[in-house]
Every structure is written in structure tokens, then in C-alpha cells.
Amino acid sequence: MPEVIDIATIFGPVHLIWTRSQSGPKVRRIVLPHDLPTSVAAFEDAPRDGELPDDSIRALIAGIRSFLQGNDVRFDIDLLDLDRCPLFQRRVLLAEFGIPRGYVSTYGRIARHLDTPGAARAVGNALARNPFPLVIPCHRVLRSDGRIGGFQAGLAMKRRLLEMEGVGFREDGRAILERIWY
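Following our numbering, the numbering of the sequence shown begins with -8 at its first residue and continues without gaps.
Structure (C-alpha cells):
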């Protein structure tokens, strides 16, 4: 049965939904503040803040807090239950995981990187349903014109995360695309 850990952050509550497995704990979903009402409702009967299974979940919680304070954090992707994601989404999420702090990409560039040119919208849809925001840094993907695009926790949080990572913005709200990945 999934368990929920409520994490207090400077952006508001973040919820970590995880399960125990024979291979260790697996994160099923990370729910950001703006995304709370609908996403957490599905898990309202899950146990909350029980005994943490091991140091890996404690490290993930500390990493999320540190990341949201603007620090560079390397997350352990093996904690994520990526097998729950469809194959194309998994490929997108793994590509996204590879974008370093301070860099951005576009939906189209990721599509081309995955040898699926013309699939920018499909990349955007896969990221819109990213069950692991922050660990899979979907905030680092923008529209090709530098506009922010979408984000589960709202555009203000996406912009703030990018600014904390050193991405600048023009007066019209578009990101300055100096450090592009892929």
C-alpha cells in the first residue's frame, strides 16, 4: 500500500508517495504544492509519515528541501518507480533527468534527441504527467521561443526554480536561451 510523507518546503507542502518493495523503497509520485488538490486526493487513505524504511528516503527528503532552497542536488533515479510509466514517457523522463542544473532544453530538442522529430507535443504531454517533478527536472524544458510553457506547480514556481539555477529572463518573460542542452 502506498505511504505518503508530507515535506514542508519554502514553496509549500510537497508530498512524497512511495511503496515498500522487496528491492527497497520505490517512489510512485511527488506532488508539488499547486498540484495538491487532485493528486493527493487519490491517496487520502494512505498512511502518512510512518517509519521511514531506510536512509535513501531520508536522503531524498533532505535533497528535495535542499533543491528547493536553490542548492545543486544529485538525486538517485533508482528510487523512482519508472516501470509505472509508458515506454515513451520513460524515455522522455530519462532524457530530462540528463539535463544539468543551469541548462534548459525545448520540447522539440528533446523530441529530436529521442529520434522522434515532430513529437514536441508528445514530449510536452509526457512531461505534463511527470510523476517525479524535481527529481526529474521537467522545469528545465521550455517552448522553442523561450516562453516557459507549463508546469504542474504553476509558472511562478517554474520560473523561480529556473532563476535559482541561473537562468535569466527578458522583460517579456522569455528565458534567455544561453545554455541549451541537446
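Just so you know, even glycine gets a beta-carbon here, dropped at the ideal spot from N, CA and C.
Buried versus exposed call for residue i [16 or more other C-beta atoms within 10 Å across all chains shown]
i	result
Ser96	buried
Gln80	buried
Gly157	exposed
Gly99	buried
Gly109	exposed
Gly141	exposed
CB-CB length for residue i against residue j, believed under 8 Å
i	j	result
Ile(-2)	Ile52	6 Å
Pro16	Asp45	7 Å
Asn116	Cys129	The pair is not a contact, with the Cβ atoms about 12 Å apart (cut-off 8 Å).
Ile24	Val(-5)	Residue identity differs from the one stated: residue 24 is Pro in this sequence, not Ile. Not confirmed; about 15 Å, so no contact.
Ile1	Leu125	13 Å between Cβ atoms; not a contact.
Between the CA atoms of residue j and residue i - distance to the nearest angstrom
i	j	result
Pro(-7)	Arg56	21 Å
Tyr173	Arg138	18 Å
Phe58	Ala113	27 Å
Arg165	Leu133	9 Å
Ala86	Phe123	13 Å
Ile48	Ile101	29 Å
Asn62	Arg150	16 Å
Arg11	Gln143	26 Å
Val18	Phe160	33 Å
Ile8	Asp72	11 Å
Arg193	Tyr94	The requested residue 193 does not occur in the structure, where the chain is confined to residues -8 to 173.
Leu168	Met155	15 Å
Phe88	Ile171	14 Å
Gly54	Ala111	30 Å
Ser135	Ile68	27 Å
Gln13	Asp74	15 Å
Leu152	Ile90	14 Å
Arg103	Val83	11 Å
Coarse secondary structure for residue i, derived from DSSP in three states
i	result
Phe88	helix
Pro124	strand
Phe66	coil
Glu(-6)	strand
Leu71	strand
Gly15	strand
Met158	The sequence as given places Val at residue 158; Met does not occur at that position. Three-state DSSP puts Val158 in coil, outside helix and strand.
Ser96	strand
Ile21	strand
Ile8	strand
Ala166	strand
Leu105	coil
Ile171	strand
Leu59	coil
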